[in-house]
């Protein structure tokens, strides 16, 4: 029993250190970008030795790969949690899904800076590209199911569902970019959410009460 507790404690300690280093990497990437982030910067931010980073990740590349995995998982967990809390109506599900993009957990300027830093390297880094595509694919699949249910319920005439889905995803990314470059002085998370909800009001006028 004592051995099991010690093993569990060591495992928890290891995961805590890894998360601590990943969060330090997020801070550094947001401040310096991917290219100028070094293991030394991450270690200093985390208040740990560089040897600890080498122990857990062995290289900067592995640390960066783990970092994009982390923000991707956090993003997915966030919208899944939002859907679970929403009522069963398709419009309520749609509102919850799209509002989740502007939750402080994922639309924090540091997290947004990290996403755009990785997207900037996605063309030459297959791992970054794959994870970025998976983020959109998972989200778009749920978005499509929700839109189909809402369209059927409201008897809406949508000529091109793929174009609508693509437009919503592109709009969400564009609003993220505007939040990032505004740096708190221009477009806020609440403003971005309101813009998206007003767009949905135009597309689905019979369900406006869900988007206000």
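Residue numbers (this note's numbering): 227 to 438. Beta carbons: idealized from backbone N, C-alpha and C, even for Gly. As the structure is a prediction and not an experimental result, all values here were calculated from the model.
The alpha helix (DSSP H) enclosing residue 283, as first and last residue numbers = 276 to 283
key: Close-in-space but distant-in-sequence residues of the same chain around residue 329 (CB under 7 Å, 5 per side omitted)   = 304
query = Buried or exposed: residue 196, going by 16 or more other Cβ atoms within 10 Å of its Cβ?
reply = Residue 196 is absent from the model: the chain starts at 227 and stops at 438.
query = Touching or not, the segment 253 to 260 and the segment 332 to 351, by the rule of three or more beta carbon pairs under 8 Å?
reply = yes
ask   = Where does residue 404 sit, in a helix, a strand or coil, going by DSSP?
value = helix
query = Cα separation between residue 352 and residue 417?
reply = 34 Å
key: Beta-carbon spacing of residue 332, residue 301 below 8 Å   = yes
Per-residue burial, residue 231 [other beta carbons within 10 Å of its own, 16 or more giving buried] = Summary for residue 231: the model assigns pLDDT 49, below 50, so the residue's position carries little reliability, and this model does not support an answer.
query = Taking just the CA atoms, how far does residue 362 sit from residue 438?
reply = 25 Å
ask   = Can you list, in chain order, the residues of its chain whose CB lies under 7 Å from that of residue 279, leaving out five sequence neighbours each side?
value = 247, 265, 268, 269, 289
key: Buried versus exposed, by CB contacts within 10 Å (16 or more), residue 374   = exposed
ask   = With respect to the alpha helix (DSSP H) encompassing residue 355, which residues constitute its N-terminal and C-terminal limits?
value = 352 to 380
query = For residue 428 and chain C, any beta-carbon pair shorter than 8 Å?
reply = Here chain C cannot be found, since the structure has a single protein chain.
Contacts around residue 275, its chain only, beta-carbon distance under 8 Å, and the 5 residues preceding and following it disregarded = 269
key: residue 389 classed as buried or exposed, judged by whether at least 16 other C-beta atoms fall within 10 angstroms   = exposed
query = According to the Cβ coordinates, are residue 413 and residue 335 closer than 8 Å?
reply = no
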